[in-house]
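J.: One structure follows; several queries about it will come next.
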Amino acid sequence: MKKYQRAMLIYNGNAGQGDLEKTLSACVPTLLAHLPHLLILQTTEKNEAKKLCEQYGEEMDLVIVLGGDGTLHECVNGLANLEKRPVIALLPGGTCNDFSRALGMSQNLKKAAEEILSGEVVPVDVMQVNEDFFLNFWGIGLVAETSTNIDDAEKALWGKMSYYLSAIRTIRQMDPFYYSIQCDGERIEGEAVMILVANGNFIGAKGLPFKGISYDDGMANLFIIKNTNLTLLKELLLTDVTADDDSLANEVMHFCGQELIVETDSPMTADTDGEVYMKTPAIIKAKKHHLRMIKPVVEISQINVLA
2 MKKYQRAMLI
12 YNGNAGQGDL
22 EKTLSACVPT
32 LLAHLPHLLI
42 LQTTEKNEAK
52 KLCEQYGEEM
62 DLVIVLGGDG
72 TLHECVNGLA
82 NLEKRPVIAL
92 LPGGTCNDFS
102 RALGMSQNLK
112 KAAEEILSGE
122 VVPVDVMQVN
132 EDFFLNFWGI
142 GLVAETSTNI
152 DDAEKALWGK
162 MSYYLSAIRT
172 IRQMDPFYYS
182 IQCDGERIEG
192 EAVMILVANG
202 NFIGAKGLPF
212 KGISYDDGMA
222 NLFIIKNTNL
232 TLLKELLLTD
242 VTADDDSLAN
252 EVMHFCGQEL
262 IVETDSPMTA
272 DTDGEVYMKT
282 PAIIKAKKHH
292 LRMIKPVVEI
302 SQINVLA
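In case it helps, this note's numbering puts the sequence shown at residues 2 to 308.
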C-alpha cells in the first residue's frame, strides 16, 4: 500500500448521492484509518473545488474527489496547471461518475475507499481545450443539447435515466450543422448532428459503443456522427453494438489525433465533462500522462475469469 503523508478530500455538498452524512460515513472512516493527515473540505459553490485545488494542490500527495463528473472537472482544472501535481483518486458521489467507471472503480463508496488505499497509480492523459481542460469528453451538437435540455426535477427523480429521456426529446429537433476540423493538420469537413472528442469511454454511466478509446495513449479520439434517428439512438444508448457494426459504421466517422481544431459556421455550445459553458471554435490538445490517478488492482483470479 502506497503511503500518502498529506491528503485532501474534496466533496460536493450538492452532488447526487442523497444523504450527505450517510455518504461521508461510508468512506471517510476507511480513509482516516490509513491517511495520517487528511484535510476534508466541502464545496457548495461553482468553481470552489477548482480554487481549493489551486490553493492546496501542490502541498498534497493525494487529492480525493468525492462528487460527480462536474466536481472532478473542476478539480482537474485546478490541478492541471500546477507544476507539482498530486495523485488523484475518485469516490463516486454523483449521478453518473463516468470517469471513475472508466478507471474500473467500484460504485460502492466503501469499496471505492478501500480500492483507493490498495490501488495502483497509473498515468492518465488530460485534454486541453483552449485555456481549460477535460478528462472525459468534449462534444457539440446532440450531446451538448441533451445536457442543456435535462430537467432538474427529472434528474433528481430518475438519476442517470434523465440523460436518456433528454436525448430522446432532443433528437426530435436536432438539425445537422456544418463543421470544419483539422486533425493533426488533416482537414475534415461536412455536416453532422454530433461531434464527440473522448478520452474516457463512459457518458451518462453508459459505455460508449466505440472501440479504441484509451485514457493513456496520448491521443484524442474524434467521433463524427453524421446523421441520427431514434433507431441509431437506441443502439448507441441501450445496446452493446459498437461503431464497427454495420448499423453504425455508415453514420460514425472515427479519427485519432494529438491536436484538433474544431470550427463551426457560428459559435456552438459545447458540453465538457457534462458541464456546458464553452463554445466553438476549440483547439484541443492531448497532454499525454499529464496526471496520475488511482485505479483498482486487478487480481490474477479476476484476469482468469475475464479471459
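No residue lacks a Cβ here, since even glycine has one placed at the ideal position from N, Cα and C.
Quick caveat: nothing in here was measured; it's all calculated off a predicted structure.
How big is the Cα-Cα spacing for asparagine 305 and glutamate 59?
T.: Start at 1 with the first residue of the sequence shown, and residue 305 comes out as number 304. Start at 1 with the first residue of the sequence shown, and residue 59 comes out as number 58. Residue placement at asparagine 305 is flagged as unreliable, the pLDDT there being 47, under the threshold of 50; a coordinate-derived value is accordingly withheld.
J.: Thinking tyrosine 57 and methionine 9 are a contact (beta carbons under 8 Å), I'd like their distance in whole angstroms, please.
T.: Mapped onto the sequence shown, residue 57 falls at position 56. Mapped onto the sequence shown, residue 9 falls at position 8. With 8 Å as the limit, tyrosine 57 and methionine 9 qualify as a contact, their Cβ atoms being about 6 Å apart.
J.: Between the beta-carbon of valine 198 and the beta-carbon of leucine 143, is there less than 8 Å?
T.: Within the sequence shown, numbered from 1, the residue matching residue 198 stands at position 197. Within the sequence shown, numbered from 1, the residue matching residue 143 stands at position 142. Not closer than 8 Å, so no.
J.: Measure the alpha-carbon distance for leucine 21 versus asparagine 131 and round it to whole angstroms.
T.: Residue numbering aside, residue 21 sits at position 20 when the sequence shown is read from its first letter. Residue numbering aside, residue 131 sits at position 130 when the sequence shown is read from its first letter. The straight-line gap from Cα to Cα measures roughly 35 Å.
J.: Confirm, please, whether the CB-CB distance from isoleucine 11 to cysteine 97 is below 8 Å.
T.: As a first step, residue 97 must be located in the sequence shown, where it is residue number 96. As a first step, residue 11 must be located in the sequence shown, where it is residue number 10. No. Outside cutoff.
J.: Span of the alpha helix (DSSP H) holding arginine 102?
T.: Start at 1 with the first residue of the sequence shown, and residue 102 comes out as number 101. Its alpha helix (DSSP H) spans residues 99-103.
J.: Do isoleucine 65 and isoleucine 141 count as a contact pair if the criterion is CB distance below 8 Å?
T.: In the sequence shown, residue 141 corresponds to position 140, counting from 1. In the sequence shown, residue 65 corresponds to position 64, counting from 1. The answer is no: Cβ separation not under 8 Å.
J.: Judging by CA-CA distance, which residue of Asp266, Asp62, Asn15 is the nearest neighbour of valine 122?
T.: The residue labelled residue 122 in the question sits at position 121 within the sequence shown. Ranking the options by Cα distance to valine 122, first place goes to Asp62.
J.: Could you tell me which residues DSSP pairs with asparagine 13 in its beta bridges?
T.: Stepping through the sequence shown from its first residue, residue 13 is reached at position 12. DSSP, once it has assigned bridges, lists Thr44 as partnering asparagine 13.
J.: Quick one: grab the DSSP three-state call for histidine 291.
T.: Residue 291 sits at position 290 when you count from the first residue of the sequence shown. Of the three classes helix, strand and coil, the one that applies to histidine 291 here is strand, per DSSP.
J.: Would glycine 94 be called buried (16 or more neighbouring beta carbons within 10 Å of its own) or exposed?
T.: The residue given as residue 94 occupies position 93 in the sequence shown. Classification for glycine 94: buried.
J.: Going straight from the alpha carbon of arginine 86 to that of leucine 292, what length do you get?
T.: As a first step, residue 86 must be located in the sequence shown, where it is residue number 85. As a first step, residue 292 must be located in the sequence shown, where it is residue number 291. Cα to Cα, arginine 86 sits roughly 7 Å from leucine 292.
J.: Name the one or two DSSP bridge partners that cysteine 184 has.
T.: Here residue 184 refers to the residue found at position 183 when the sequence shown is read from its first residue. DSSP lists Glu187, Leu261 as partners of cysteine 184.
J.: Under three-state DSSP, which class holds asparagine 78?
T.: To locate residue 78, count along the sequence shown from 1; it is residue 77. Here asparagine 78 sits in helix by DSSP.
J.: Quick one: any contact between the region 206-216 and the region 98-111, if contact means 3 or more CB pairs under 8 Å?
T.: Yes, the region 206-216 touches the region 98-111.
J.: If you drop the 5 nearest sequence neighbours on each side, which residues of the same chain put their C-beta closer than 7 Å to that of glycine 258?
T.: Here the question's residue 258 lines up with position 257 in the sequence shown. Contacts found: Cys184, Asp185, Met220, Ala221, Leu223.
J.: Proline 210: buried (16+ other C-beta within 10 angstroms of its C-beta) or exposed?
T.: Mapped onto the sequence shown, residue 210 falls at position 209. Its Cβ being crowded by 16 or more others within 10 Å, proline 210 is buried.
J.: Leaving out five residues before and five after isoleucine 225 in sequence, what residues of the same chain have Cβ atoms less than 6 Å from its Cβ?
T.: As a first step, residue 225 must be located in the sequence shown, where it is residue number 224. Closer than 6 Å at Cβ, skipping near neighbours: Ala193, Ile196, Met254.
J.: Would you tell me roughly how many angstroms separate the C-alpha atoms of glutamine 6 and isoleucine 295, rounded to the nearest one?
T.: By 1-based counting over the sequence shown, the position of residue 6 is 5. By 1-based counting over the sequence shown, the position of residue 295 is 294. Going from the Cα of glutamine 6 to the Cα of isoleucine 295 covers about 16 Å.
J.: Rounding to the nearest angstrom, what Cα-Cα distance links aspartate 176 and alanine 283 in this structure?
T.: Residue numbering aside, residue 176 sits at position 175 when the sequence shown is read from its first letter. Residue numbering aside, residue 283 sits at position 282 when the sequence shown is read from its first letter. Those two C-alpha atoms are separated by around 21 Å.
J.: Can you have a look at aspartate 266 and say buried or exposed, based on whether 16 or more other CB atoms are within 10 angstroms of its CB?
T.: Here residue 266 is taken as the residue at index 265 of the sequence shown, counted from 1. It is exposed - the Cβ of aspartate 266 has fewer than 16 other Cβ atoms within 10 Å.
J.: From the DSSP output, in three-state form, read off proline 30 for me.
T.: One-based indexing of the sequence shown puts residue 30 at position 29. The answer is helix: DSSP assigns proline 30 an H, G or I state.
J.: Could you check if aspartate 68 is buried or exposed, using at least 16 other CB atoms within 10 Å of its CB as the buried criterion?
T.: Looking up residue 68 in the sequence shown gives position 67. In the sequence as presented, aspartate is not what sits at residue 68; that position holds glycine. Flag for glycine 68 reads buried.
J.: Can you tell me where the beta strand (DSSP E) with glutamate 276 in it begins and where it stops?
T.: Sequence index remark: in the sequence shown, residue 276 carries index 275 (1-based). Per DSSP, glutamate 276 belongs to the beta strand (DSSP E) from 276-280.
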